[in-house]
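For reference, the structure discussed in these notes is given below.
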Amino acid sequence: EPEVTQTPSHQVTQMGQEVILRCVPISNHLYFYWYRQILGQKVEFLVSFYNNEISEKSEIFDDQFSVERPDGSNFTLKIRSTKLEDSAMYFCASRTSSGANVLTFGAGSRLTVL
Amino acid sequence: TQLLEQSPQFLSIQEGENLTVYCNSSSVFSSLQWYRQEPGEGPVLLVTVVTGGEVKKLKRLTFQFGDARKDSSLHITAAQPGDTGLYLCAGVKRGSTLGRLYFGRGTQLTVWP
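Which chain is which? The protein sequence lines are S and P, in order. Residues in the first sequence are numbered from 45 upward in steps of one, following this note's numbering. Residues in the second sequence are numbered from 1296 upward in steps of one, following this note's numbering.
Rendered as structure tokens:
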């Protein structure tokens, strides 16, 4: 069964450092998403990406965040200068252009900012 | 305030019991989805409901979408230890074309043998 893969599974970084989280969505999917889940809290939407541009972003997705699809397979989330409160599980998801918004989520990347 | 209020937050029951998890909102959703999430993994889709009043069954799990498409419930019959996990409801607001999901806080279910 096709799956969304994310790397790394866990990253520990110092506050102020740049972090790039990588995702390989399902190959025929056209919509890509990043969500995050702070420990003990609900899953929160960060950004959606379609046709090589951001289609929607939440208030969490400030200037410290950026997304990119550098080639035909990868979808990345960059945090320029990490803060303690960026510590969370970050989930990538993708879906096709049809259907009832059925997202397939990756297993997540755990980011720990020290 | 939460767009989707999910209750209860924690549920601890014995094997064989029935349970219901609720997901409520004042907003209308074009679709509502239920996920199950295991520790260290991403949410895995269980079901999507799109029509008001719709009922879907998945073995011992029954999902219902409210007539007004503002609420949903998940009912598990004769729970088993293998049902233990975090259950999440998530919805796409009416009018959204981009598929942004709003999640509830989740219900942590523990089923004891």
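We put the CB at the ideal spot given by N, CA and C, even for glycine. It should be emphasised that the depicted structure is a prediction, and the values quoted were computed from it without experimental measurement.
Open item on the list: Less than 9 angstroms between the beta carbons of A1385 (chain P) and L1327 (chain P), yes or no?
Closed with: The answer is yes: Cβ separation under 9 angstroms.
Open item on the list: Does chain P have any CB closer than 9 angstroms to the CB of V56 (chain S)?
Closed with: Not a single CB atom of chain P sits nearer than 9 angstroms to the CB of V56 (chain S).
Task: Residues bridged to H54 (chain S) [DSSP beta-bridge criterion] - done: Looking at the DSSP assignment, H54 (chain S) forms a beta bridge with S:R154.
Open item on the list: I believe L121 (chain S) touches Y94 (chain S) by the beta-carbon criterion, under 8 angstroms. Please report the beta-carbon distance rounded to the nearest angstrom.
Closed with: No, L121 (chain S) and Y94 (chain S) are not in contact; Cβ-Cβ is about 15 angstroms, not under 8 angstroms.
Task: CB contact check: T1379 (chain P) to chain S, cutoff 9 angstroms - done: Using a Cβ-Cβ cut-off of 9 angstroms, T1379 (chain P) does not count as an interface residue toward chain S, since no Cβ of chain S sits closer than that to its own.
Task: Assigned exposure category for E1310 (chain P) - 16 Cβ within 10 Å defines buried - done: Exposed, since its Cβ has fewer than 16 Cβ neighbours within 10 Å.
Task: Bounding residues of the beta strand (DSSP E) (the contiguous stretch that carries T140 (chain S)) - done: Neither: T140 (chain S) is in no beta strand (DSSP E) and is coded neither H nor E.
- [ ] Assign V1387 (chain P) to one of two classes, buried (16 or more other C-beta atoms within 10 Å of its C-beta) or exposed (fewer than that).
- [x] The C-beta of V1387 (chain P) has 16 or more other C-beta atoms within 10 Å across all chains shown, which makes the residue buried.
- [ ] Taking S153 (chain S) and Q50 (chain S) to be in contact with their CB atoms under 8 angstroms, please state how far apart those CB atoms are, rounded to whole angstroms.
- [x] Contact annotation, S153 (chain S) with Q50 (chain S): C-beta distance approximately 5 angstroms; criterion of less than 8 angstroms satisfied.
- [ ] Kindly identify the DSSP beta-bridge partner or partners of K1352 (chain P).
- [x] P:T1357, per the DSSP bridge assignment.
- [ ] Could you give the DSSP three-state label for D1366 (chain P): helix, strand or coil?
- [x] Here D1366 (chain P) sits in strand by DSSP.
Task: Selected residue, minimal CA-CA separation from W1329 (chain P), among P:S1367, P:G1335, P:L1404 and P:Q1304 - done: The option with the nearest alpha carbon to W1329 (chain P) is P:S1367.
Task: Own chain, CB closer than 6 angstroms to V1350 (chain P), minus 5 neighbours either side, in chain order - done: Cβ neighbours of V1350 (chain P) within its own chain (closer than 6 angstroms, five residues either side excluded): Q1359.
Task: 9 angstroms Cβ cutoff, K86 (chain S) in contact with chain P - done: Interface residue, yes.
Task: Cβ-Cβ distance between F119 (chain S) and P69 (chain S) below 9 angstroms - done: A contact, by the Cβ cut-off of 9 angstroms.
- [ ] Flag S1325 (chain P) as yes if its beta-carbon sits less than 9 angstroms from any beta-carbon of chain S, otherwise no.
- [x] Yes, contact with chain S.
Open item on the list: Quick check on M59 (chain S): buried or exposed, where buried means 16 or more other Cβ atoms within 10 Å of its Cβ?
Closed with: Burial call: exposed.
Open item on the list: Any beta carbon from chain S within less than 9 angstroms of R1389 (chain P)'s own beta carbon?
Closed with: Not an interface residue.
Task: Reference H1370 (chain P); option with closest CA among P:T1346, P:D1378 and P:A1363 - done: In this structure, P:D1378 is the residue among P:T1346, P:D1378 and P:A1363 with its C-alpha nearest to the C-alpha of H1370 (chain P).
- [ ] From the DSSP output, in three-state form, read off G1337 (chain P) for me.
- [x] Per DSSP, reduced to three states, the secondary structure at G1337 (chain P) is coil, with no helix or strand assignment.
Task: Buried versus exposed call for W1407 (chain P) [16 or more other C-beta atoms within 10 Å across all chains shown] - done: Exposed, because fewer than 16 other Cβ atoms sit within 10 Å of the Cβ of W1407 (chain P).
TODO: Would you please verify whether the beta carbon of T1343 (chain P) is less than 9 angstroms from any beta carbon of chain S?
DONE: At least one chain S Cβ lies under 9 angstroms of T1343 (chain P).
TODO: Kindly say whether L147 (chain S), judged by its beta-carbon, lies nearer than 9 angstroms to any beta-carbon of chain P.
DONE: It does: the Cβ of L147 (chain S) has a partner Cβ on chain P nearer than 9 angstroms.
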